[in-house]
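Chemist:
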Ligand SMILES: Cc1cc2nc3c(=O)[nH]c(=O)nc-3n(C[C@H](O)[C@H](O)[C@H](O)COP(=O)(O)O)c2cc1C
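Numbering (my numbering), first residue to last: 354 to 801.
1. With residue 766 as the anchor, note down where its beta strand (DSSP E) starts and where it stops.
2. Quick one: is the Cβ of residue 496 within less than 7 Å of any heavy atom of ligand 1?
3. If you drop the 5 nearest sequence neighbours on each side, which residues of the same chain put their C-beta closer than 6 Å to that of residue 752?
4. Nearest to residue 615 by CA position, among 503, 475, 412 and 591, is which residue?
5. Just checking my contact of residue 374 with residue 757 at CB under 8 Å: how many whole Å lie between their CB atoms?
6. Taking 7 Å as the line, does the beta carbon of residue 512 fall inside it for any heavy atom of ligand 1?
7. For residue 418, is the beta carbon positioned less than 7 Å from some heavy atom of ligand 3?
8. Confirm the yes/no value for this check: CB of residue 584, any heavy atom of ligand 1, distance under 7 Å.
9. Would you report the Cα separation of residue 331 and residue 543, rounded to the nearest angstrom?
10. State yes or no: is the C-beta of residue 637 nearer than 7 Å to some heavy atom of ligand 1?
11. Counting Cβ pairs, one atom from each stretch, are 3 or more of them under 8 Å apart for the stretch 535-542 and the stretch 511-520?
12. For the beta strand (DSSP E) containing residue 634, list its first residue and its last residue.
13. Contact between the stretch 651-658 and the stretch 420-430: three or more CB pairs below 8 Å?
14. If you drop the 5 nearest sequence neighbours on each side, which residues of the same chain put their C-beta closer than 7 Å to that of residue 563?
15. Suppose only complete runs of 3+ residues qualify. What are the beta strand (DSSP E) ranges in the stretch 508-592, listed by chain order?
16. Using three-state DSSP, classify residue 491 as helix, strand or coil.
17. Please determine, among 430, 485 and 437, the residue with the shortest C-alpha to C-alpha distance to residue 450.
18. My output table needs one value for residue 718: the three-state DSSP class, helix, strand or coil.
19. Determine the direct distance from the alpha carbon of residue 575 to that of residue 476, and round the result to whole angstroms.
20. Rounding to the nearest angstrom, what Cα-Cα distance links residue 585 and residue 593 in this structure?
21. Please list the terminal residues of the continuous alpha helix (DSSP H) segment that includes residue 433.
22. When you compare only the Cα positions, how much space is there between residue 355 and residue 409?
23. Specify the secondary structure class of residue 471 as computed by DSSP and reduced to three states.
24. Applying the criterion that 16 or more other CB atoms from any shown protein chain within 10 Å of the CB defines a buried residue, is residue 702 buried or exposed?
25. Anyone know if the C-beta pair for residue 672 and residue 694 falls short of 8 Å?
26. Got a sec? Which residues, its chain only, sit under 7 Å from residue 726 by beta carbon, not counting five neighbours each side?
27. Is residue 354 helix, strand or coil when you go by DSSP?
28. Note the first and the last residue of the continuous beta strand (DSSP E) segment covering residue 603.
29. Secondary structure at residue 685, three-state DSSP: helix, strand or coil?
30. Can you tell which of 528, 468 and 478 has the C-alpha that lies nearest to the C-alpha of residue 500?
31. For ligand 1, I want to know if residue 492 counts as a neighbour, meaning its beta carbon is within less than 7 Å of at least one of the ligand's heavy atoms.
32. Which one of 502, 610 and 668 has the shortest CA to CA distance from residue 729?
33. Does the beta carbon of residue 602 fall short of 7 Å from some heavy atom of ligand 1?
34. So does residue 463 have its beta carbon nearer than 7 Å to some heavy atom of ligand 1?
35. With DSSP as the reference, please indicate the residues paired to residue 363 in a beta bridge.
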């Protein structure tokens, strides 16, 4: 155990249920979804779940959204042609199939507070928490794409108002989850009492955005509430995350930015009346591992070569809500202002210039975005990748990493077989699960 940390590194597998996830074009890799599998699954996702559980990961996490990106060239055609994070089937329906072939792995779905009523969210997550015996997590998003609003027939909700609504939303959820006392179900067959009605109550929530009678439609589940994840990047997003989440997620290019994010989120958690350590911090990384450094670099070059320039611009335009087709792509990257969508993305892209991409053009910045959505690519031998993870973990003061693998399902098994044993040997990562629920895994401090 390193002296600087009295806790374990946490790892969470990370992807989207779509042809490619965080590397545009990865679906074209000869080993993607093969042999005999398809991205729709379920086989590919069941195999990934088993591989992540073999690697003793805390959970597998799905991001998702509710519309194709359509900002670039004001069209969804590039998104469809390159299979960019779309189509996007309903992950809530996939999770039980992944749960059925695993016993410990946590399973996280994204659900938008803008397009689902809190009563439905509580019903779905509590049901899944029962079905999985306490392994469910929820990535709480407020959704940022105008096309998502259009699919639900509403006007886009302005940025800060989305978070105000989400605040009320989580309050409804909290009250619903508390509407059954933990000991309200007695199942006394002799006395003929299934539940003690004095311990289950209406919530009569009457807010600005939501009304809800209650009680919750599902009795208390093993975890009580799902593990809550959030990834807001703006000030209001970060504050919301600090108030409600068990874990904060972020893409940061390097250890300096990771550390700054972890410090900021800790300060916000404390300002919200919590302890800094009550909010765990996770950073996305994209490992590219091979037996020799040379092979790993070749692998990286091959993978990055699959990334279509237009597709990168389409993903970037979707995330920033700004059409990059309107720009001179050979202009210096730092000459354009920040964008209206997910905050801070372009600033982060231009900061790549600090890492060897001096005088980067917009085209080059977009390309880097399409390769990993700004997650660091960790390239090397298993030992090099493990060493880099340990050093990022120790120096950033984060809790763990979201591991995204461009080639699915194989990348996750490869990480488990090659990198995890080195982390275990270094004493920074669990040898086995100490508990049963996802919450247990996140709280685990002993390698087992
Ligand atoms: C790791 C990570 C995962 C995310 N997953 C999703 C997602 O699945 N769906 C979504 O709509 N937004 C997702 N986002 C975007 C944010 O949750 C958030 O909506 C976005 O950053 C806009 O809010 P902001 O302006 O507060 O940053 C993700 C962001 C990060 C960093």
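Cβ atoms here follow ideal geometry from the backbone N, Cα and C, with glycine treated the same way.
Modeler: Once the coordinates are examined:
1. Taken as a continuous stretch (DSSP letters only), residue 766 belongs to no beta strand (DSSP E), being part of the alpha helix (DSSP H) at 763-771.
2. yes
3. 363, 633 and 634
4. 591
5. 6 Å
6. The closest heavy atom of ligand 1 lies less than 7 Å from the beta carbon of residue 512.
7. As for ligand 3, it is missing from this structure, which binds only ligand 1.
8. yes
9. The requested residue 331 is not part of the displayed model; the chain covers only 354 to 801.
10. Yes; taking the cut-off as 7 Å, the Cβ of residue 637 has a heavy atom of ligand 1 nearer than that.
11. no
12. 633-642
13. Look at the beta carbons and you see the stretch 651-658 not touching the stretch 420-430: under three pairs across the two are nearer than 8 Å.
14. 471, 521, 522 and 525
15. Fully enclosed beta strand (DSSP E) runs of 3 or longer: 538-541, 546-548 and 580-583.
16. If DSSP states are grouped into helix, strand and coil, residue 491 belongs with the strands.
17. 485
18. For residue 718, the three-state secondary structure derived from DSSP is helix.
19. Each residue's alpha carbon lies about 14 Å from the other.
20. 8 Å
21. Looking at the DSSP string, the run of the alpha helix (DSSP H) that includes residue 433 is 430-435.
22. Below a pLDDT of 50, predicted positions are generally treated as unreliable, and residue 355, at 45, falls in that range; the measurement from the model is reported next regardless. Spanning the two alpha carbons is a distance of roughly 20 Å.
23. Looking at residue 471 - three-state DSSP - the assignment turns out to be helix.
24. Burial call: buried.
25. Cβ atoms of residue 672 and residue 694: closer than 8 Å.
26. 375 and 604
27. Low local confidence applies: a pLDDT of 41 at residue 354 is under 50, so the model's placement there is unreliable, with the coordinate-based value given in what follows. Three-state result, residue 354: coil.
28. 600-603
29. strand
30. 468
31. True, at least one ligand heavy atom lies under 7 Å from that Cβ.
32. 610
33. yes
34. In this structure, residue 463 has its beta carbon less than 7 Å from a heavy atom of ligand 1.
35. 753
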